[in-house]
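Numbers 233 to 619, taken from the working numbering, label the letters of the sequence shown in order.
Scroll down for the structure; my scribbles are underneath it.
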Amino acid sequence: MKIVQLVPAMDQGGVERGIVEMNRVLVAAGHDNLVVSAGGRLEEQVLAAGGRTARVDIKSKNPLTAFSRARTLRALLEREKPDVVVAHSRVPAWLFILANRKLRLKWITFAHGANSVSAYSRVMTYGDVTVTPSKYIADYLTEHYKIAPSRLRVIPRAIDREKFNTEKLDASFMDEKRREWKIDGFRVVMGLGRITQLKGYDVLIRAVARLHSEHLASGVSSPDWKLVIVGEAEALRKEYEESLRRLVESEGISDNVVFAGAASKVAECLSLADIVVSANYKKPEAFGRSMAEALAMGRPVVAAAFGGALDIVEDGVNGALVDVDPKADAAEMAVRFSDAIRSVASSDFKDLRPSALEKFSFERMAARSLAVYGEFENLEKKSDIRG
233 MKIVQLVPAM
243 DQGGVERGIV
253 EMNRVLVAAG
263 HDNLVVSAGG
273 RLEEQVLAAG
283 GRTARVDIKS
293 KNPLTAFSRA
303 RTLRALLERE
313 KPDVVVAHSR
323 VPAWLFILAN
333 RKLRLKWITF
343 AHGANSVSAY
353 SRVMTYGDVT
363 VTPSKYIADY
373 LTEHYKIAPS
383 RLRVIPRAID
393 REKFNTEKLD
403 ASFMDEKRRE
413 WKIDGFRVVM
423 GLGRITQLKG
433 YDVLIRAVAR
443 LHSEHLASGV
453 SSPDWKLVIV
463 GEAEALRKEY
473 EESLRRLVES
483 EGISDNVVFA
493 GAASKVAECL
503 SLADIVVSAN
513 YKKPEAFGRS
523 MAEALAMGRP
533 VVAAAFGGAL
543 DIVEDGVNGA
553 LVDVDPKADA
563 AEMAVRFSDA
573 IRSVASSDFK
583 DLRPSALEKF
593 SFERMAARSL
603 AVYGEFENLE
613 KKSDIRG
């Protein structure tokens, strides 16, 4: 079976890493998988696993170039003649619709997040089948777009038990990062993911500033706190990163915050944390891959009590959930997150890794995914899928 995946770029992020993993599953099952994007560092991992890559600008939102880019995409699809195309974002989905007018290829939309409700976002329900990473996203699409349940497939993202293996960590890498981040003697709070406003890093910085102030005021000899932000800002969001750096300075915690950049070895980075925090409180995570991976590395998680986090974090069992109030500002949310971090730090959680691996097994994800692709084998028309 020949499959074409459409994704804006193959740089960092949970969606992109999920495509790398799915490529491995599809290739192992004997399928021809082509990942089309504007390029990125993760292309190498696709190629190393036996997949293929091609570069088409399906990232730009410029409407003036949309038709020319759609023609380029159509030419590629005419050459490849795929059995099914998978669109992983709105721009690629719209470009595919333009490219597919005469080709009439079957396709899957993978709705990775809860995009703003609009005609533009509705495109993520236009596939013959729509896949979501959590019940939260499936319910969101059903509520706002009235998509038929028969066309929805929920496939939670998986944890790669080999990659996230506590027994196979790169000790030299970890030693290097300990020195670089200067974390010895600190309780390490980690935020993981690209630097965008939706990730709530401003709240996390304020929360750690509060914990640091409490530490200084207590006079107790317990370790101080250090925040490590693992991720980088895209070129268009560099100003937001600079605003975070200014916030760190204004809070007087320059020695307590590290901007670590993109992670080359996520498992090792997570293992250097004491607590992993998803401080996103404005827009729910669709799933929250880094939260599940943190649990697989035996690290408790603090997250806002909405969205995909509810499928991963159990309050008092493997971390803490922070109540979200739409009226609360960043300062109030920082208080709530700091309280949750402090509570988790004083708790003793058991069996985090085995329970996470059981719930989010790679084998389960692979089987469900292959079953969805299997629906498109040997089909001649869309009605075979949509009913």
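C-beta atoms are modelled at their ideal positions from N, C-alpha and C, and glycine is treated no differently.
Computed from a predicted model, the values in this text were never measured in an experiment.
Cβ contact annotation for G245 (same chain, cutoff 7 angstroms, sequence separation greater than five): R426, in chain order. Look at the segment 281-321 and you find these whole runs of beta strand (DSSP E), each 3 residues long or longer: 284-287 and 316-319.
When only Cα atoms are considered, D547 and V421 end up about 18 angstroms apart.
Bridge partners of G493 according to DSSP: V462 and G463. Between S570 and P532, the C-beta spacing is not below 9 angstroms. Take T362, set aside five residues on each side of it, and the residues of its chain with a beta-carbon closer than 8 angstroms to its own are I340, T341, F342, A343, M356, L373, I379, R383, L384 and R385, in chain order. Cβ contact annotation for G539 (same chain, cutoff 6 angstroms, sequence separation greater than five): Y368, P516 and E517, in chain order. For M597, the enclosing alpha helix (DSSP H) starts and ends at F594 to G606. Sorting S292, I387, I290 and E483 by C-alpha distance to the C-alpha of F592 places I387 at the top. For K367, no beta strand (DSSP E) encloses it; the enclosing alpha helix (DSSP H) starts and ends at K367 to Y377. From the listed residues S300, S321, E394 and R336, the smallest Cα separation to K313 is found for R336. Here DSSP, grouped into helix, strand and coil, assigns K338 to coil.
Of the residues assessed, E412 falls on the exposed side of the cut-off, its CB having fewer than 16 other CB atoms within 10 angstroms. A distance below 7 angstroms between beta-carbons, with the five flanking residues on each side excluded, links D416 to the following residues of its chain, in chain order: R410.
I507 carries a strand assignment under DSSP once its states are collapsed to helix, strand and coil.
When C-alpha distances from D555 are compared across V534, V549 and R574, the shortest belongs to V534. For E394, the CB contacts under 8 angstroms within the same chain, skipping 5 residues up- and downstream, are K400 in chain order.
For the segment 561-595, the continuous alpha helix (DSSP H) assignments of 4+ residues that do not extend past its boundaries occur at 562-577 and 584-591, in sequence order. Judged by DSSP in its simplified three-state form, M422 adopts strand.
In the three-state scheme derived from DSSP, where H, G and I count as helix and E and B as strand, A537 is classed as coil. Excluding the 5 residues flanking it on each side, G250 has same chain C-beta neighbours closer than 6 angstroms at R389, in chain order. If you draw a straight line from the Cα of V317 to the Cα of K514, it comes to about 32 angstroms. In the DSSP assignment, the residues bridged to G551 are V533 and D547.
Contact between L266 and A280 does not hold, since their C-beta atoms are separated by about 15 angstroms, which reaches or exceeds 8 angstroms. When rounded, the separation of the alpha-carbon atoms in A260 and G283 is 10 angstroms. Between the C-alpha atoms of P365 and L584 there is a straight-line separation of about 21 angstroms.
Distance from the CA of E481 to the CA of S292, rounded to the nearest whole angstrom, comes to 34 angstroms.
By alpha-carbon distance to D407, the top candidate from K497, K582 and A536 is K497. G345 is the residue among G345, G551, F328 and H447 whose C-alpha sits nearest the C-alpha of V247.
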